[in-house]
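From first to last, the protein sequence lines are chains A and B. Sequential numbering from 1 applies to the first sequence in the working numbering. Sequential numbering from 1 applies to the second sequence in the working numbering.
Number of protein chains: 2
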Amino acid sequence: MTVSTLNSAKRRYHHGDLRAALLAEGLRLVESAGVEAISLREVARGVGVSPTSVYRHFPDKQALMEAIASEALARLGEAQAVAARESGQAKAFNAVGRAYVQFALAHPGLFRVAYTYPGIAVRDPTSEATASILRDLALDLAGGEEARARLIGLRAWSFVHGLAMLMLDGRVPADPKLIDAAIDSAAIDFGGPPG
Amino acid sequence: MTVSTLNSAKRRYHHGDLRAALLAEGLRLVESAGVEAISLREVARGVGVSPTSVYRHFPDKQALMEAIASEALARLGEAQAVAARESGQAKAFNAVGRAYVQFALAHPGLFRVAYTYPGIAVRDPTSEATASILRDLALDLAGGEEARARLIGLRAWSFVHGLAMLMLDGRVPADPKLIDAAIDSAAIDFGGPPG
DNA sequence: GTTCAATGTTGACACTGTCATCTTTGCTCT
DNA sequence: AGAGCAAAGATGACAGTGTCAACATTGAAC
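Structural data, given as structure tokens:
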């Protein structure tokens, strides 16, 4: 632990925590320039390291992207958890859905890398936040009936996911009022009929 | 119009209808190998033509992909139109939604190039088939009230689009029964309350 | 203090999208 | 029929990419 270890991370042959640095730079690039504009070499460049050094921490580019996607999903989950916490129990379902769409529009790069990057299917437990949050809330609406809760959760997730996608892809105007209108008008449906 | 023009399209310097051939090969590749595995050079290779000849018919790769996406959307629209025609008037709404998801699962490449290829936002009128079909059907359910019909259409489109995406991306099992269950249980909601 | 495995670097390869330049072709006008 | 021309295709090159094998440097364990 020399002095240089403490006051400056520059010019060391060994980076210290290159994996974390690559991930941070990757997230930064994805957020600022978008998923399609990202290259393994540019991520390395941003950290000030040779392109192939990435391979000491990720087997290939896909793995790096999956790590980025995993973090993106964690952040989305966090945003939803906050929304659920801040809203009343009764309106939590809507709030979580709204948070989902709003996150997608506020962080298109993150949302895209998490959901539409080719060949990415994250299995990280924490990444299932959306599914589990919605399912838990749905359990309330379904009166504890597991099967119905799953279906309600799926319908809600599909709905907000589709809405987010269509807006991101310019198929539907990304109007905040439209989000509210769509979600609020659908809300009455989420519970569904007692049958 | 020599003999070779009629019996064989090979070995001619001028292809005749290269644009159409490139499009066909592109669609074939997208369908068989997926969107991410496609390159301008391979499309040209498949047609037996030099890579740069593509630029005589499309300004760049993006334009070629957009043309492919446009055709993919047309086919999706056709599948939905068929579904609408074949089902009773009352069940048309569900049938169209089901056709949408089924098309996505049956032709993942086509669906993906149409909806999640980076930077593609098709403006072709015929490509709005989904939106217009759903809107027209919704007009019935909404009793002719334009604004409400738009909202119902948007909700339905978002729902099936999200469901298709989540299944394509492996977030939700691509189970046909699950599709039916989700769509059928949601159907009663599509109409919404009279208010 | 040596040894060694972990971590970074260099140089190369095949591949990509795209450009400037050149060649071939079919059509039009006389 | 022949000349001229513009459309359509080919060549060669360039920078950029992901990835590999081989090499260099380091911190830490013994």
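The beta-carbon is built from N, C-alpha and C at its ideal position, and this holds for glycine as well. None of these values were measured; they are calculated from a predicted model.
Which residues mark the beginning and the end of the alpha helix (DSSP H) in which residue i is found?
{"i": "B/Gln80", "result": "Lys61 to Glu86"}
{"i": "B/Ile133", "result": "Ala129 to Leu141"}
{"i": "B/Arg12", "result": "Segment: none, B/Arg12 is in no alpha helix (DSSP H) and carries neither H nor E."}
{"i": "A/Ile120", "result": "No alpha helix (DSSP H) contains A/Ile120, which DSSP labels as neither H nor E."}
{"i": "A/His107", "result": "It is not in any alpha helix (DSSP H) - A/His107 carries neither H nor E in the DSSP assignment."}
{"i": "B/Ser158", "result": "Glu146 to Leu168"}
{"i": "B/Glu42", "result": "Leu40 to Val47"}
Let me make sure I understand the geometry here. Which of the options has the alpha-carbon closest to that of residue i?
{"i": "B/Ser39", "options": "B/Met65, B/Arg56, B/Gly16 and B/Phe58", "result": "B/Met65"}
{"i": "B/Phe111", "options": "B/Glu71, B/His57 and B/Val54", "result": "B/Glu71"}
{"i": "A/Ile183", "options": "A/Arg155, A/Asp169, A/Glu78 and A/Pro118", "result": "A/Arg155"}
{"i": "A/Lys61", "options": "A/Leu141, A/Val82, A/Leu73 and A/Ala44", "result": "A/Ala44"}
{"i": "A/Ala20", "options": "A/Ala33, A/Ser50 and A/Val54", "result": "A/Val54"}
{"i": "A/Leu73", "options": "A/Gly170, A/Phe103, A/Gly97 and A/Gly88", "result": "A/Phe103"}
{"i": "B/Ala121", "options": "A/Gly88, A/Asp17 and A/Leu168", "result": "A/Leu168"}
{"i": "A/Ala129", "options": "A/Glu42, A/Gly97 and A/Ser185", "result": "A/Gly97"}
{"i": "B/Ala81", "options": "B/Ser132, B/Arg148, B/Arg12 and B/Leu22", "result": "B/Ser132"}
{"i": "B/Pro199", "options": "A/Leu23, A/His15, A/Arg12 and A/Ala37", "result": "Nothing about residue 199 of chain B can be read from this structure; chain B reaches only from 1 to 195."}
{"i": "B/Arg12", "options": "B/Ala106, B/Gly48, B/Phe159 and B/Leu105", "result": "B/Gly48"}
{"i": "A/Arg135", "options": "A/Ala106, A/Leu23, A/Ala92 and A/Ser185", "result": "A/Ala92"}
{"i": "A/Leu22", "options": "A/His14, A/Val35 and A/Gly46", "result": "A/Gly46"}
{"i": "B/Arg75", "options": "B/Ala99, B/Arg150, B/His15 and B/Leu137", "result": "B/Ala99"}
{"i": "B/Val35", "options": "B/Asn94, B/Thr116 and B/Pro59", "result": "B/Thr116"}
{"i": "B/Leu105", "options": "B/Glu31, B/His14 and B/Ala181", "result": "B/Glu31"}
{"i": "B/His14", "options": "B/Arg41, B/Ala90 and B/Arg56", "result": "B/Arg56"}
{"i": "A/Phe58", "options": "A/Leu18, A/Phe159 and A/Asp180", "result": "A/Leu18"}
{"i": "B/Ala181", "options": "A/Gly77, A/Ile179, A/Arg150 and A/Asp180", "result": "A/Arg150"}
{"i": "A/Leu178", "options": "A/Glu78, A/Leu137 and A/Val101", "result": "A/Val101"}
Taking all protein chains shown into account, decide if residue i is buried (16 or more other Cβ within 10 angstroms of its Cβ) or exposed.
{"i": "B/Ile68", "result": "buried"}
{"i": "B/Glu25", "result": "buried"}
{"i": "A/Pro176", "result": "exposed"}
{"i": "B/Ala84", "result": "buried"}
{"i": "B/Pro51", "result": "exposed"}
{"i": "A/Pro173", "result": "exposed"}
{"i": "B/Tyr114", "result": "The question names Tyr, but residue 114 of chain B is Ala in the sequence shown. By the 10 Å Cβ count, B/Ala114 comes out buried."}
{"i": "B/Gly170", "result": "exposed"}
{"i": "A/His107", "result": "buried"}
{"i": "B/Arg28", "result": "exposed"}
{"i": "B/Gly88", "result": "exposed"}
{"i": "B/Ala33", "result": "exposed"}
{"i": "B/Gly16", "result": "exposed"}
{"i": "B/Ala186", "result": "buried"}
{"i": "B/Arg41", "result": "exposed"}
{"i": "B/Ala63", "result": "exposed"}
{"i": "A/Ala147", "result": "exposed"}
{"i": "A/Ala95", "result": "buried"}
{"i": "A/Ala90", "result": "exposed"}
Please indicate yes or no: does the CB of residue i lie closer than 8 Å to some heavy atom of the ligand MG?
{"i": "B/Asp169", "result": "Only the bare structure without any ligand can be found here, which leaves the ligand MG out of the picture."}
> Would you call the segment 126-143 of chain A and the segment 139-146 of chain B touching, i.e. three or more CB-CB distances under 8 Å?
Replying inline: no
> Do the segment 160-173 of chain A and the segment 151-168 of chain B meet, that is, are 3 or more Cβ pairs less than 8 Å apart?
Replying inline: yes
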